[in-house]
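Protein chains in written order, with my numbering: chain A, 1 to 127; chain B, 1001 to 1183. We put the CB at the ideal spot given by N, CA and C, even for glycine.
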């Protein structure tokens, strides 16, 4: 009976699965958490690239989307949705974006922001 | 005393399998409810204790029983917690379905090399993936959630290993008890 209370020895496959899991999680951290500051802001309207601006110059951008005017602000190397006519305001609440790879989307008005660095860290994300 | 023709009572025939599934599902529901009241640093990061029951059932019984127990747990817990058909329920269901799908394939891994720890880790990852899918597609359709994915997956790995070890431990105790009963 006493033997039943021992923990079972880890099996080879278990150790492998845990190691692969650790590598997977580490890769996720590396892929999704980067602290490099972005250099450019790319704005998309619908399925087209609307414009690409440098984050070095402060400016306000007004974009006419399907349901109204979305205002985007670039200031001090950061960018955000300042106002948007969408009902849920997810995009505005997301606040300032400053790191490479960050993105904010206003689906109702079909406007999306993506911060670019010198080069894109990834082509697309699927999860 | 009885009036067979007038008072027709509906009688549901239950088998011993039904009773066993109900009993096991009750365990899973209990763990699920306990977990629901535990505070969590991030919504969605939970130990997933009910998975211990799921894995235990997979080893002691069969996959059909697992599917019953797991889905009954999701539906009954949501009714008890009052979030049936709410986003929380959708998260729970999609997680359970995806982890069931993974377990369906993972159960054929050779037992010599892969114990409940492997199944638990795979199920935990699948559960998380199922939830994140619903979050992305339905609840928060923006990529800002991407920053939380590594944390969720790291939690899935840690709790997956812990639950797997606990399941191995329970299976051992259970086996020892079965051996004792036999003689």
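Any idea what DSSP makes of residue i, helix, strand or coil?
i, result
"residue 19 of chain A", "helix"
"residue 1076 of chain B", "helix"
"residue 111 of chain A", "strand"
"residue 1030 of chain B", "helix"
"residue 52 of chain A", "strand"
"residue 1013 of chain B", "coil"
"residue 47 of chain A", "coil"
"residue 73 of chain A", "strand"
"residue 83 of chain A", "strand"
"residue 13 of chain A", "helix"
"residue 1008 of chain B", "coil"
"residue 1020 of chain B", "helix"
"residue 1042 of chain B", "coil"
"residue 38 of chain A", "coil"
"residue 1109 of chain B", "coil"
Quick one: give me the first and last residue of the beta strand (DSSP E) that residue i is part of.
i, result
"residue 1149 of chain B", "Where residue 1149 of chain B is concerned, there is no enclosing beta strand (DSSP E), although the alpha helix (DSSP H) it sits in stretches over 1149-1182."
"residue 1084 of chain B", "Looking at the DSSP string, residue 1084 of chain B is not in any beta strand (DSSP E), and its letter there is neither H nor E."
"residue 1146 of chain B", "Careful: residue 1146 of chain B lies outside any beta strand (DSSP E) and carries neither H nor E."
"residue 105 of chain A", "103-106"
For the alpha helix (DSSP H) containing residue i, list its first residue and its last residue.
i, result
"residue 1052 of chain B", "1050-1060"
"residue 1130 of chain B", "1116-1134"
"residue 93 of chain A", "90-93"
Below 8 Å on the Cβ atoms is my guess for residue i versus residue j; work out the distance and round it to an integer in Å.
i, j, result
"residue 57 of chain A", "residue 49 of chain A", "Incorrect: roughly 19 Å between the Cβ atoms, too far for contact."
| task | Indicate whether the contact test is met: 3 or more Cβ pairs, each with one atom in the segment 12-22 of chain A and one in the segment 1110-1118 of chain B, closer than 8 Å. | result | Output reads yes: the segment 1110-1118 of chain B touches the segment 12-22 of chain A.
| task | Check whether the segment 17-33 of chain A touches the segment 72-79 of chain A, counting contact only when three or more Cβ pairs, one atom from each stretch, lie closer than 8 Å. | result | no
| message | Any C-beta of chain A within less than 8 Å: which residues of the segment 1104-1125 of chain B qualify? | response | 1109, 1110, 1112, 1113, 1114, 1115, 1117, 1118, 1121, 1122, 1125
| message | Count Cβ pairs between the segment 1075-1087 of chain B and the segment 1095-1103 of chain B that sit closer than 8 Å; are there 3 or more? | response | no
| message | To be precise: take each residue of the segment 1150-1174 of chain B, compare its Cβ to all Cβ atoms of chain A, and keep it if any distance is under 7 Å. Which residues remain? | response | Correct list: 1150, 1153, 1154, 1157, 1161, 1165, 1168, 1169, 1172, 1173.
| Are there three or more Cβ pairs, one per stretch, closer than 8 Å when the segment 1069-1078 of chain B is compared with the segment 1112-1132 of chain B? | no
| field | Interface positions of the segment 1052-1080 of chain B facing chain A (Cβ-Cβ less than 8 Å), listed along the chain | value | none
| query | Going along the chain, which residues of the segment 60-93 of chain A sit with their C-beta nearer than 8 Å to a C-beta in chain B? | reply | If the cut-off is 8 Å between Cβ atoms, the segment 60-93 of chain A has 90, 91 near chain B.
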